[in-house]
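**Student:** Chains as they are written, first to last, in numbering that gives the first Met the number 0: chain A, 0 to 216; chain P, 0 to 219. Note that CB positions come from ideal geometry on N, CA and C, so glycine has one too.
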Amino acid sequence: MMTPGLNRRNLLKWTGVGATVMVAGAMLPNFGISAALAADLGAGDIGVLNYAYALEQLEAAFYIQVAKTPYEGITKAELSNLKAIRDHEIAHREFLRKALGRKAIPDLEVDFSKVDFTSRKSVLGTADVFENLGVAAYNGAGQLIKDVNYLAAAGSIVSIEARHAATIAALRSGFGRDAAGGKNVNSKGLDAALLPSQVLPKAAPFIVTPVTANSLS
Amino acid sequence: MNNQEDFILDAIDPEVAEHIDAGRRSLFTRYAVPVAALGSAPLIIAASAQAAFAAGGLPKQVVDVLNFALTLEYLEAAFYKQANGSSGLIPQKYRQLFRTIGAHETAHVALLKGALGSAAVKAPAVDFTAGGKYADVFSNFETFVAVSATFEDLGVAAYKGQAGNLIGTPVLTTALQIHSVEARHAAAVRPLAGKAGFDGAFDKPKTKAQVLAAATPFLA
Chain A
0 MMTPGLNRRN LLKWTGVGAT VMVAGAMLPN FGISAALAAD LGAGDIGVLN YAYALEQLEA
60 AFYIQVAKTP YEGITKAELS NLKAIRDHEI AHREFLRKAL GRKAIPDLEV DFSKVDFTSR
120 KSVLGTADVF ENLGVAAYNG AGQLIKDVNY LAAAGSIVSI EARHAATIAA LRSGFGRDAA
180 GGKNVNSKGL DAALLPSQVL PKAAPFIVTP VTANSLS
Chain P
0 MNNQEDFILD AIDPEVAEHI DAGRRSLFTR YAVPVAALGS APLIIAASAQ AAFAAGGLPK
60 QVVDVLNFAL TLEYLEAAFY KQANGSSGLI PQKYRQLFRT IGAHETAHVA LLKGALGSAA
120 VKAPAVDFTA GGKYADVFSN FETFVAVSAT FEDLGVAAYK GQAGNLIGTP VLTTALQIHS
180 VEARHAAAVR PLAGKAGFDG AFDKPKTKAQ VLAAATPFLA
């Protein structure tokens, strides 16, 4: 997606829950277009689903690029795992897009300029960040969901993200402590559970489209 | 005095607890907690949790779910304890993996027992050979990882199947935090049993009856 005129990377792209409302579009010269490009996640279950949809868009875009331009020295097994993960993220993205229907946020423009897709270390390191962020995001969002069917859907996605996290960890450092969760799991044997206000700033460096969570609570 | 609510509260990120609290006013109505008298959100969630959990214990539905989960965690914890203590079973390069998994399962048992207090079920008698079907489970690594992968996938499906019964309770987040750890375990063990870490883009839940049917052969 093209960015019209102004460099929107300089704008605050994600605003946290409870933060001052910021309508990014209103700051841009071309009102109509930018308002359409900006995305507010919405409220209630729709807001939670759009939040998940934004994260799945990010993950899908990442793995599409990874599979398109495999890093140097990639093994067959690595590529097949990464392609499988890509397909899962696309399936999650499309599932959420369908569930949201007309309430879905627009396609997000992503920015992977900090990722070196030729480097195994950079790609798998970024994958590790995305998967663990996804797990923590779904775990923390569960309590925000009111409809039991949406909770079930989120549940069937989050364990796949956790499986991805373990798979990526195994690619990075073999079948040791990290594959079982490593530092992502605390001394009580629990994964993290993060709120949107904690997750969005971590995803923000990778997303160009202004996304606001003004009503997500 | 029983401090079961502390286990649940400790397990929840304070910010999450605060947030949950803001969205769960119904808890207050249900348990008639005098929220106006309390100053901070963490205190409020503590009070609502106390109302929900103390004096006679947790709501029956939640007790049932947690005892069901505890039974599976007992099974897993005992399984890895025995495996990690079986010399010659686990190759050196996988020992850290199974030690970590075992430590997580033991932690889950402690967490659930703590949450349930006197309502906790006792550890079941186990038979990891499943009546002789897996006779070499603690001497043959191949058999061991096959059973391990089965337990982990079962755990994932079991927690997933119970999430709906926990909706609207502070226990849900804790259960989800265990659920994803079981999924990590499953994906770490499955490749050692010759499978991909995952099976499709969406994991399916199992009902309590389905889980018990799968676990029963391992209960003595």
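Which residue's Cα is closest to the Cα of F129/A: N185/A, E88/A, G141/A, K102/A?
**Tutor:** For F129/A, the nearest C-alpha among the options comes from E88/A.
**Student:** Hey, could you find the ends of the alpha helix (DSSP H) Y70/A is sitting in?
**Tutor:** Where Y70/A is concerned, there is no enclosing alpha helix (DSSP H), given that its DSSP letter is neither H nor E.
**Student:** Let me see if you follow: with CB-CB separation under 7 Å, is Y93/P close to chain A or not?
**Tutor:** Chain A, which has a Cβ nearer than 7 Å to the Cβ of Y93/P, makes this yes.
**Student:** Could you tell me which uninterrupted alpha helix (DSSP H) segments, each at least 4 residues in length, are contained entirely in the stretch 135-207 of chain A, listed from first to last along the chain?
**Tutor:** Here the runs fully enclosed are 147-172, 195-202.
**Student:** Three-state secondary structure (DSSP) at V114/A?
**Tutor:** If DSSP states are grouped into helix, strand and coil, V114/A belongs with coil.
**Student:** Using 8 Å as the Cβ pair cut-off and three pairs as the minimum, do the stretch 133-144 of chain P and the stretch 113-124 of chain P touch?
**Tutor:** Because the criterion of three Cβ pairs below 8 Å is not met, the stretch 133-144 of chain P and the stretch 113-124 of chain P do not touch.
**Student:** Using a Cβ-Cβ cut-off of less than 7 Å, list which residues of the stretch 144-165 of chain A approach chain P; keep chain order.
**Tutor:** Flagged, chain order: V147, L150, A151, G154, S155, I156, V157, S158, I159, A161, R162, A164, A165.
**Student:** Measure the CB-CB distance between L111/P and N138/A and report whether it falls below 7 Å.
**Tutor:** No, the Cβ-Cβ distance between L111/P and N138/A is not below 7 Å.
**Student:** DSSP state of S25/P, grouped into three classes?
**Tutor:** Summary for S25/P: the model assigns pLDDT 33, below 50, so the residue's position carries little reliability; its value from the coordinates is reported in the next sentence. Looking at S25/P - three-state DSSP - the assignment turns out to be helix.
**Student:** Please state whether the Cβ-Cβ distance between D202/P and I159/A is less than 7 Å.
**Tutor:** For D202/P and I159/A, yes; Cβs fall inside 7 Å.
**Student:** What is the DSSP secondary structure of T211/A, reduced to helix, strand or coil?
**Tutor:** Of the three classes helix, strand and coil, the one that applies to T211/A here is strand, per DSSP.
**Student:** So, using beta-carbon positions, are A59/A and R92/A closer together than 7 Å?
**Tutor:** Result yes, Cβ atoms of A59/A and R92/A sit closer than 7 Å.
**Student:** Reducing DSSP to helix, strand and coil, say where D44/A ends up.
**Tutor:** The answer is helix: DSSP assigns D44/A an H, G or I state.
**Student:** Taking its Cβ as the centre, do 16 or more other Cβ atoms sit within 10 Å of K132/P, making it buried, or is it exposed?
**Tutor:** So K132/P ends up on the exposed side.
**Student:** Would you say the stretch 197-205 of chain A touches the stretch 155-175 of chain A, given that touching needs at least three Cβ pairs under 8 Å?
**Tutor:** With the cut-off at 8 Å, the stretch 197-205 of chain A and the stretch 155-175 of chain A do not touch.
**Student:** Cutting at 7 Å between CB atoms, please list the residues of its own chain near G72/A, excluding the five before and the five after it.
**Tutor:** For G72/A, where only same-chain residues beyond five positions count, the Cβ hits under 7 Å are R119.
**Student:** If we cut at 7 Å on Cβ distances, does L65/P have a partner in chain A?
**Tutor:** It does not; no Cβ of chain A falls within 7 Å.
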